[in-house]
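Residue numbers (the working numbering): 2 to 102.
Take a look at the structure below.
In structure tokens, the structure reads:
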């Protein structure tokens, strides 16, 4: 009878220990899941920051390219105006010379 009581007590102690281990495992799992969620959120924030930084860089580059193109086209336009003016002046000189002869 005493041996049976000891066996029952040992079984109960083993069940309690098993339940305790299960609770610890569940707690550890919840902790890990929370840490994984926090890590995912942190990585998402970093990814968003990288995308914003890249987008800002692309926009700055595009703006810089636009300014450079505007300057280039303005210079070409000034060159064309000068050439046109020179051609008109030369034509006028030719007309004046032809009229005087």
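Where is the CB? At the ideal position from N, CA and C, for every residue including glycine.
Inset, instruction - Classify residue 2 as helix, strand or coil using the three-state DSSP reduction. - result: coil
Legend entry - Through-space distance from residue 48 to residue 85, alpha-carbon basis: 54 Å
Inset, instruction - Compute the Euclidean distance between the alpha carbons of residue 42 and residue 60, then round it to the nearest angstrom. - result: 27 Å
Legend entry - Uninterrupted alpha helix (DSSP H) stretches inside the segment 41-65 (no shorter than 4 residues): none
Inset, instruction - Mind listing, in chain order, the continuous beta strand (DSSP E) runs of no fewer than 3 residues lying wholly within the segment 14-38? - result: none
Legend entry - Inter-residue Cα distance where the pair is residue 18 and residue 11: 10 Å
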